[in-house]
Structures are given as structure tokens and as C-alpha cells.
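Student:
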Amino acid sequence: MKLPIKPAIFYPTLSIVILVFVWEATIRLSGWSEQVFPGPVIVFKAFLELLLDGTLFNHSVASLYRVTVGFYLAAILGIPLGILLGMHRVANSMVNPIVQFLRPISPLAWIPLAMLWFGIGDNPAIFLIFLSSFFSLVVATAIAVRTINPIYFQVAANFNFSGKETITKVVIPAITPDVVTALRLTIAVAWLVVVAAEMIAVQSGLGYLILDSRNALRMDYVMVGMIVIGFIGLFLDLIMQKLSKQDWLATR
Amino acid sequence: MSFIEIKNLSKNYVNRRNTKRAPDDPEQPGEMKVLDDINLEFEEGEMVCILGPSGCGKSTLLRIIAGFDTASSGEVIIDKEKVTGASSDHIFVFQQNGLLPWMNVWDNVELGLRHMENEEEKNERIQEYIDLVELNGFEYNLPCQLSGGMQRRAELARALAVKPDILYLDEPFTGLDYLTHLKIREEVVNIHEYIGKTMIMVTHFIEDALVMADRIIVFSERPTSIKMARKLDFSRPRNINKDPGLSELRDEIFLMLGVSYVA
Ligand SMILES: Nc1ncnc2c1ncn2[C@@H]1O[C@H](COP(=O)(O)OP(=O)(O)OP(=O)(O)O)[C@@H](O)[C@H]1O
Ligand SMILES: [Mg+2]
Numbered sequence: 001m002k003l004p005i006k007p008a009i010f011y012p013t014l015s016i017v018i019l020v021f022v023w024e025a026t027i028r029l030s031g032w033s034e035q036v037f038p039g040p041v042i043v044f045k046a047f048l049e050l051l052l053d054g055t056l057f058n059h060s061v062a063s064l065y066r067v068t069v070g071f072y073l074a075a076i077l078g079i080p081l082g083i084l085l086g087m088h089r090v091a092n093s094m095v096n097p098i099v100q101f102l103r104p105i106s107p108l109a110w111i112p113l114a115m116l117w118f119g120i121g122d123n124p125a126i127f128l129i130f131l132s133s134f135f136s137l138v139v140a141t142a143i144a145v146r147t148i149n150p151i152y153f154q155v156a157a158n159f160n161f162s163g164k165e166t167i168t169k170v171v172i173p174a175i176t177p178d179v180v181t182a183l184r185l186t187i188a189v190a191w192l193v194v195v196a197a198e199m200i201a202v203q204s205g206l207g208y209l210i211l212d213s214r215n216a217l218r219m220d221y222v223m224v225g226m227i228v229i230g231f232i233g234l235f236l237d238l239i240m241q242k243l244s245k246q247d248w249l250a251t252r
Numbered sequence: 253m254s255f256i257e258i259k260n261l262s263k264n265y266v267n268r269r270n271t272k273r274a275p276d277d278p279e280q281p282g283e284m285k286v287l288d289d290i291n292l293e294f295e296e297g298e299m300v301c302i303l304g305p306s307g308c309g310k311s312t313l314l315r316i317i318a319g320f321d322t323a324s325s326g327e328v329i330i331d332k333e334k335v336t337g338a339s340s341d342h343i344f345v346f347q348q349n350g351l352l353p354w355m356n357v358w359d360n361v362e363l364g365l366r367h368m369e370n371e372e373e374k375n376e377r378i379q380e381y382i383d384l385v386e387l388n389g390f391e392y393n394l395p396c397q398l399s400g401g402m403q404r405r406a407e408l409a410r411a412l413a414v415k416p417d418i419l420y421l422d423e424p425f426t427g428l429d430y431l432t433h434l435k436i437r438e439e440v441v442n443i444h445e446y447i448g449k450t451m452i453m454v455t456h457f458i459e460d461a462l463v464m465a466d467r468i469i470v471f472s473e474r475p476t477s478i479k480m481a482r483k484l485d486f487s488r489p490r491n492i493n494k495d496p497g498l499s500e501l502r503d504e505i506f507l508m509l510g511v512s513y514v515a
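From first to last, the protein sequence lines are chains A and B. Counting in the numbering used here, the final residue of the first sequence is number 252, and the numbers go up one at a time with none missing. Counting in the numbering used here, the final residue of the second sequence is number 515, and the numbers go up one at a time with none missing.
Listed below in C-alpha cells is the structure:
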């Protein structure tokens, strides 16, 4: 059988259609009221409503803004620190225990302190995103540096590379594929955390939309929020995937 | 005084997994003696091949001479100066993966020439050596886009372009197909005749040593000492099967390495 459209598009579309049917069927069979478990039609109507009055756009932008700032801060500070720890044994044995100790503490456990230190608004949320990404990036970068093939450092020594050249011509290109993978995993976690953070400290964002809709008993809005979160997460992952498939990374 | 002198050189590696030893073991607990009191001299312009069983410390010795690794005791003196680190006048051709994989052939060859002031001269030199190893047309390929033999040749071009005083070659032909092996071997012999620089090559192929070397050194098993050092006064090009002296030497070395060779 020849498909009317590309298989890469056909099969995912098919599975989404099936999912929507299962969703509708579940509601009809369960007998739950639309207030408790809204069906696809109602959710779609709610989606259009929130889309057209700009609510969805504003909340999405608010969430993405926090994730972007927190994530960039984590990358800008975490990757260089990781390189330092990967290259210097002493720095590593001083800082690594602290990083390893702080890393398993869920960013959500920081919420009380974050609110105390940064008040309410964007800042505590950004701080939590930062925490969720920073430690993993430091650790992943340090490991990437330590697993660089020692031959490359011997080449650097053989051709008299300066410290700066060793970093720009050997270390950074060697760790880039691993770091991009780490960034991809990290942004997924950051996106998980922003929703949770927004349920506490702020008055905007997709997490706030969900919490606020729950308080108003609008489960249809809650589900719209969830669906949009899922799609944006998918979209973020696709961007990172594109980045990791660049030609200049496929050198190992 | 010779060009390169290796004096009483020993190298021990700390062997973390092997800390329990028999009480009468002469080695320090947890230490593995790799090189044991090696004394060697190399003349300027000489082509020396080092043979020996796997794991006996050939690469280790070469790395120490090149200044990538330090000896446990003893010293290496090159041109009257003690070796304390790597030098861009002495280039190492690695057993594998010596090219920087994120740089294309041109950029790799440029590594040793990047401080040349005259841009035009530099580009000419890079092209000259890429042509020498017959890689023209592949200047902008990344190492992963080259075959194993082409990678080897690119690394040779990078090393030779510097016009180094010494070339260290660690099994430069391993992993190549037979024909490429023979071709690159011939190229290295020609280059040696042409530039006349000192070359120290580690190899597993006894035939390579017989065809190429001015002198052959055979190492024993660990802890390693020198089992044989022999000057080769045969004229080049050499043919092992047609020269009884060479085939006799071959059989002798095979026996020494524990193989009773039947031609
Ligand atoms: N960094 C290291 N740490 C501990 N032991 C090492 C290290 N490098 C090499 N060795 C040990 O030293 C010995 C010699 O290694 P080396 O690589 O010099 O051998 P080789 O003669 O070049 O062998 P091959 O012919 O297989 O390349 C080996 O037994 C190896 O286990
Ligand atoms: Mg070796």
C-alpha cells in the first residue's frame, strides 16, 4: 500500500488520531461528567478560546522566558566550571564533593529559600531553573573533559599549544557532542521544573494557568495547559536534536 | 657524544589492581616495572627500528623520549639537552587517532606551521606536503571522511611539514591493508633518504625493520631490556628473500621473539 503522505508524518498523525478516539471512548464508557474529565471537543474549544484571547500565548512566553534565562545562566556558568574541574585535579577534588552533594537535592526543595531570597515574580523561578540545570551541566562537562583521548593532549603538547589554544582547539571541540547531549537532557528537566515553580511563586506561566484553572474548577483549561506544555517540551527537544545533528559535531 | 642518549632509563607504572603480590616478589608492591635500566644511543640522521613483544614498553619508551611521559629514573638527552617536555622540533606519529578529528586535513597539517609569518609561504608548504602524500583533493575532508591509510598519510604530512629534526613513529603501518602498508613504507624510506632526519620507529613487522632500518633493536619481555642491537649495512632497496644475510637475520629475530619461522 502506498501512503498518501510521508511515513514520518503519517504514522505519528495516525497514533494521535487513535489517542483522541481512545480519550473520547474512555469518557463515554466511564460515565464521568465533563467537569471531572473533559473530552476532546470541549478541550479543543477551550484551547481556541485561550488561544484567541491571548492567554495561552502570554503564559507560554512567560514560561519560556524563565526557562531560557535560567538555562542560559546555567550553561554560561556551568560549562566553564565543568571544563575547569575536568582539567584541574585540585579544583575538582575541592568543588566536586559540593556539586555532588547539592545535585541530588530536588530544585523544588529550594522553593522556600528561593521565595525568601528573591521574593515573588520571575526571579525565584529563574533561580530554580538555574539550579535544575547547573549541577548536571557541571558534572557532565567535567566528565566529558576527563574522557578526552589523551592523545589529543599529546598532539597539543607536540605542537606547542598554549593553554588557550589547548582549550579552544582541543577541549571545546572534543567535549561539544557530549555537552550538547547534556544540554538536551537538561532542558527537558528545566521545562519540568518551570511548571512546578510557577505553581508557587508567580502569577503567570503555564504552571500558574493550570493551578489557577484548578482553583476555578475548569478542568478543560487544565488539560489545555498540559497539552501545550507537552507540545512546547517536544518542540524544545526537537531544537536540541537539530543542534546535536549539525555536521560539525559529527566528527567523532 | 651521540645525538640522542638514553641513560639508565627505567619506568614503573603503579598497578592499582595488582597490589597483592607474593612476599618474595622483587618488585615493589603495586608497581609494575616496564623499562629496566635501558641505555641506548641514536646518531643524527639514523633510521632505527624497535621490535619487541606486545606490552614490553616500546610505546612507553617512545613517549618518554618524546617528552610526553616521564621516566621513573634515568634521563634522555637530545642534542646535549635533557628532555623535560615535548618539542615542536620532534614530531610524534601516533599508533592511532593522531589527527584532531574536528579539523580537516588542511587544518591538521597547518598545526605545526601556524606560527609562520608569511601566509603565502605557509599555504605553499601545506600544499606541498599534502601533495607529497598524495592527498590533493582531500584538503577539506575531516579525518572521519578518510580511509585508514589516508589518515596515516595525512598525519605523516603533518609531521613532515614541520621539517622536524626527529620523527617518532609508533607502529605507523598497523591497521593498513597490505598494499597501502607497502606503499607508505616505501614513502617513508624515500622521505628518510630525501630529508635525512633521525627517525625512530616502533613496529611489529620484522620485515619492515629489515627493509627500512639502519639499525634494529629488539626488546625482551617485561621488565624490558635490550636483547639485540644490530647495524644493517645492506644497500637499499632491500629484498629479504634475495639477500641471504637479510633472511638469516630475519630468522634470527623471529627465533628471538619466540617464533620458529618457516619461510
Ligand atoms: N598509563 C599506564 N598505566 C599503567 N600501565 C601502563 C600504562 N601505559 C602502559 N602501561 C603498561 O606498560 C606496559 C607497556 O606498554 P606499552 O604501550 O609501552 O607497550 P608496547 O610495547 O607499545 O605494546 P604494543 O606493542 O602492544 O603497542 C604494558 O604492560 C601496559 O600494561
Ligand atoms: Mg605500543
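Just so you know, even glycine gets a beta-carbon here, dropped at the ideal spot from N, CA and C.
Is the Cβ of residue 173 of chain A closer than 8 Å to any Cβ of chain B?
Tutor: Yes, because at least one Cβ of chain B sits closer than 8 Å to the Cβ of residue 173 of chain A.
Student: Closer than 7 Å: is that where the CB of residue 301 of chain B sits relative to any heavy atom of ligand 1?
Tutor: Because no heavy atom of ligand 1 lies under 7 Å away, the Cβ of residue 301 of chain B does not count as near it: no.
Student: From the DSSP output, read off the bridge partner residues of residue 482 of chain B.
Tutor: Bridge partners of residue 482 of chain B: B:468.
Student: Determine the direct distance from the alpha carbon of residue 227 of chain A to that of residue 207 of chain A, and round the result to whole angstroms.
Tutor: Using only the alpha carbons, I get a separation of about 12 Å.
Student: Exposed or buried, residue 310 of chain B, counting other C-beta atoms within 10 Å across all chains shown (16 or more means buried)?
Tutor: By the 10 Å Cβ count, residue 310 of chain B comes out buried.
Student: Identify the continuous beta strand (DSSP E) that holds residue 342 of chain B and give its terminal residues.
Tutor: From DSSP, the beta strand (DSSP E) with residue 342 of chain B extends over 342-345.
Student: Alpha carbons only, please: which of B:259, B:414 and B:504 is nearest the one belonging to residue 375 of chain B?
Tutor: Ranking B:259, B:414 and B:504 by Cα distance to residue 375 of chain B puts B:414 first.
Student: Just to check, is the beta-carbon of residue 444 of chain B closer than 7 Å to a non-hydrogen atom of ligand 1?
Tutor: Residue 444 of chain B: no, Cβ never under 7 Å from ligand 1.
Student: Buried or exposed for residue 32 of chain A, please, with buried defined as at least 16 other CB atoms from any protein chain shown within 10 angstroms of its CB.
Tutor: With fewer than 16 Cβ atoms within 10 Å of its Cβ, residue 32 of chain A is classed as exposed.
Student: Work out the CA separation of residue 8 of chain A and residue 252 of chain A for me, nearest whole Å.
Tutor: Any answer about residue 252 of chain A is weak, because its pLDDT of 45 lies below 50 and its placement is not dependable; what the coordinates show is given next. One C-alpha to the other measures close to 28 Å.
Student: By a C-beta neighbour count over all protein chains shown, 10 Å radius and 16 as the cutoff for buried, is residue 491 of chain B buried or exposed?
Tutor: When all chains shown are included, residue 491 of chain B counts as exposed.
Student: List the residues of chain B that residue 157 of chain A touches, going by C-beta distances under 8 Å, in chain order.
Tutor: Under the 8 Å cutoff, chain B gives 319, 320, 337 and 338.
Student: Do residue 343 of chain B and residue 256 of chain B have their beta-carbon atoms positioned less than 8 Å apart in this structure?
Tutor: No; because the gap between Cβ atoms is not below 8 Å, this pair is not in contact.
Student: Taking Cβ to Cβ, would you say residue 170 of chain A is nearer than 8 Å to residue 141 of chain A?
Tutor: No, the pair does not count as a contact, with Cβ atoms beyond the cut-off.
Student: For residue 358 of chain B, return the contacting residues in chain A, with the cut-off set at a CB-CB distance below 9 Å.
Tutor: Those within 9 Å of residue 358 of chain B in chain A number zero; the least Cβ separation is about 14 Å.
Student: Based on DSSP bridge pairs, tell me the residues matched to residue 285 of chain B.
Tutor: Partner(s): B:264.
Student: Flag this pair as touching only if the segment 209-223 of chain A and the segment 187-194 of chain A have three or more C-beta atom pairs under 8 Å; answer yes or no.
Tutor: Too few Cβ pairs lie closer than 8 Å, so no.
Student: Suppose you measure from the CA of residue 185 of chain A to the CA of residue 73 of chain A; what does that come to, to the nearest Å?
Tutor: Roughly 16 Å separates the two Cα atoms.
Student: Using a C-beta cutoff of 8 Å, does residue 346 of chain B count as contacting chain A?
Tutor: Yes, residue 346 of chain B counts as interfacial toward chain A.
Student: Under 8 Å, do residue 300 of chain B and residue 283 of chain B count as touching if we go by C-beta distance?
Tutor: Against a cut-off of 8 Å, the Cβ pair of residue 283 of chain B and residue 300 of chain B comes out as no contact.
Student: By the criterion of Cβ-Cβ separation under 8 Å, what are the contact partners of residue 120 of chain A in chain B?
Tutor: Going along chain B, no residue has its Cβ under 8 Å from residue 120 of chain A, so there is no contact; the nearest lies around 46 Å.
Student: Using three-state DSSP, classify residue 308 of chain B as helix, strand or coil.
Tutor: Residue 308 of chain B falls in the coil class under three-state DSSP.
Student: Please classify residue 291 of chain B as buried or exposed, where buried requires at least 16 other C-beta atoms within 10 Å of its C-beta.
Tutor: Residue 291 of chain B is exposed by the Cβ-count criterion.
Student: Which same chain residues, not among the five before or five after residue 330 of chain B, have their C-beta less than 6 Å away from its C-beta?
Tutor: Result list for residue 330 of chain B: 256, in chain order.
Student: Mark residue 383 of chain B as exposed unless 16 or more other C-beta atoms lie within 10 angstroms of its C-beta, in which case mark it buried.
Tutor: Residue 383 of chain B is exposed by the Cβ-count criterion.
Student: What separation, rounded to the nearest whole angstrom, lies between the Cα atoms of residue 394 of chain B and residue 358 of chain B?
Tutor: Approximately 9 Å, taken between the alpha carbons.
Student: Would residue 349 of chain B pass as an interface residue toward chain A - the criterion being a Cβ-Cβ separation below 8 Å?
Tutor: Yes, its Cβ sits closer than 8 Å to a Cβ of chain A.
Student: Which same chain residues end up closer than 8 Å to residue 187 of chain A when comparing Cβ atoms and leaving out the 5 residues on each side of it in sequence?
Tutor: 67, 71, 133, 236, 237 and 240.
Student: Kindly say whether residue 11 of chain A, judged by its beta-carbon, lies nearer than 8 Å to any beta-carbon of chain B.
Tutor: Not one chain B Cβ lies under 8 Å of residue 11 of chain A.
Student: May I ask you to report which of helix, strand or coil DSSP gives residue 106 of chain A?
Tutor: Three-state DSSP puts residue 106 of chain A in coil, outside helix and strand.
Student: Assuming residue 329 of chain B is part of the beta strand (DSSP E), what are its boundary residues?
Tutor: Here the beta strand (DSSP E) through residue 329 of chain B covers 325-330.
Student: Is the shortest distance between the beta-carbon of residue 363 of chain B and the beta-carbons of chain A less than 8 Å?
Tutor: It does; some Cβ of chain A falls within 8 Å.
Student: Rounded to the nearest angstrom, how far is the Cβ of residue 62 of chain A from that of residue 205 of chain A, given a contact under 8 Å?
Tutor: Yes, they are in contact, since the Cβ atoms of residue 62 of chain A and residue 205 of chain A sit about 4 Å apart, within 8 Å.
Student: Is the segment 91-103 of chain A touching the segment 155-168 of chain A, taking contact as three or more C-beta pairs under 8 Å?
Tutor: Too few Cβ pairs lie closer than 8 Å, so no.
Student: Could you give the residue range of the beta strand (DSSP E) that holds residue 303 of chain B?
Tutor: It spans 299-303 - the beta strand (DSSP E) in which residue 303 of chain B sits, taken as one unbroken run.
Student: Any Cβ of chain B within less than 8 Å of the Cβ of residue 167 of chain A?
Tutor: Residue 167 of chain A does not count as touching chain B.
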